[in-house]
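K.L.:
One structure coming up, written as structure tokens, with questions to follow.
Residue numbers (this note's numbering): 5 to 240.
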């Protein structure tokens, strides 16, 4: 039986890093191939830890508009010496930085998004830049109808301009858009803008040794164990 939201929601907008793709596992695997002497788990988490502070420098005006590719590179240059890689040359640094373009989907992502696409418009709503998101989708076969990014709106989540921007792109009311994400703060910001929300459990987003608390929290329309589960719940 269809979920009541199936007849009112028109667009499913997906957070990408952590929700659709496994950034931690992907970085760990690449570091094991390129620099096996490095603790890939610690490296991946250190790189990701710089993400919010770097975005905050843009959001508070310290930096002008800066794409995530450039912010990732700033963080990378800061952490390389901590892991004994301060001597890497420019070409090597560029190649490592592009790991974010090569992140692998979680095992359920392709099936889940494909099933949802049959009934809804499916798009990204990520802080990743357009080139990054497009390269990632091309490489892994993610079947987005549209790639939307903070770069389009010149506003990083949780700025309301990002969430409301999706509704404006498709000429919809906010409640006709549902954000699908594995992060409660992202979902709370979307709800504050009138969007519907679906939480997806990604217990091992930060690696098997650092499990997340994925307990249900109030406010979300859906709480699902996977993107396939989202599809099943919405009758796809």
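Virtual Cβ for every residue (Gly too), placed ideally from N, Cα, C.
Every value quoted in this text rests on a predicted model; they were computed, and no experiment measured them.
Among 240, 123 and 190, which has the Cα closest to the Cα of residue 223?
P.N.:
Residue 190 is the option with its Cα nearest to residue 223.
K.L.:
So what does residue 129 bridge to, in DSSP terms?
P.N.:
Its beta-bridge partners are 152.
K.L.:
Excluding sequence positions up to five away, which residues of its chain have a Cβ less than 6 Å from the Cβ of residue 28?
P.N.:
The residues are 48, 210 and 211.
K.L.:
So residue 25 packs on residue 182, CB below 8 Å; how close in whole Å?
P.N.:
Not confirmed; about 19 Å, so no contact.
K.L.:
May I ask you to report which of helix, strand or coil DSSP gives residue 47?
P.N.:
Helix at residue 47.
K.L.:
Going by beta carbon distance, what residues of the same chain come within less than 7 Å of residue 23, once the five residues before and after it are set aside?
P.N.:
So the list reads 184, 185, 186, 204 and 206, once near-sequence residues are dropped.
K.L.:
Given this structure, state the Cα-to-Cα distance separating residue 166 from residue 153, to the nearest angstrom.
P.N.:
In a straight line, the C-alpha of residue 166 is about 8 Å away from that of residue 153.
K.L.:
So, residue 108 versus residue 144, is the Cβ gap smaller than 8 Å?
P.N.:
Going by C-beta atoms, residue 108 is nearer than 8 Å to residue 144.
K.L.:
First and last residue of the beta strand (DSSP E) that includes residue 184?
P.N.:
From DSSP, the beta strand (DSSP E) with residue 184 extends over 181-185.
K.L.:
If I'm right that residue 120 touches residue 235 with Cβ under 8 Å, what's the distance once you round it to whole angstroms?
P.N.:
Yes, they are in contact, since the Cβ atoms of residue 120 and residue 235 sit about 5 Å apart, within 8 Å.
K.L.:
Name the DSSP beta bridge partners of residue 200, please?
P.N.:
In DSSP, residue 200 forms a bridge with 182.
K.L.:
Secondary structure at residue 214, three-state DSSP: helix, strand or coil?
P.N.:
Note: residue 214 maps to coil in three-state DSSP.
K.L.:
Ordered along the chain, which non-local residues of its own chain (more than five positions away) have a Cβ less than 8 Å from that of residue 62?
P.N.:
Excluding positions up to five away in sequence, the list reads 68, 69, 70, 75 and 160.
K.L.:
Taking 7 Å as the cut-off, does the CB of residue 152 come closer than this to any heavy atom belonging to the ligand COA?
P.N.:
The ligand COA is absent from the structure shown, which contains no ligand whatsoever.
K.L.:
To which residues of the same chain is residue 21 closer than 7 Å at the C-beta, ignoring the five residues directly before and after it?
P.N.:
The answer, listed in chain order, is 27, 130 and 132.
K.L.:
Can you tell me whether residue 193 is buried or exposed? The criterion is at least 16 other CB atoms within 10 Å of its CB, across all chains shown.
P.N.:
By the 10 Å Cβ count, residue 193 comes out buried.
K.L.:
Should residue 19 be labelled buried (16 or more other beta-carbon atoms within 10 Å of its own) or exposed?
P.N.:
That one is buried.
K.L.:
Taking buried to mean at least 16 other C-beta atoms within 10 Å of its own C-beta, is residue 12 buried or exposed?
P.N.:
It is exposed - the Cβ of residue 12 has fewer than 16 other Cβ atoms within 10 Å.
K.L.:
Assuming residue 50 contacts residue 86 under a Cβ cut-off of 8 Å, what Cβ separation, rounded to an integer in Å, is found between them?
P.N.:
Rounded, the Cβ-Cβ distance is 7 Å, consistent with contact.
K.L.:
For residue 33, which option in 116, 100, 178 and 60 has the closest C-alpha, if you only look at C-alpha atoms?
P.N.:
That would be 100, whose Cα lies nearest to the Cα of residue 33.
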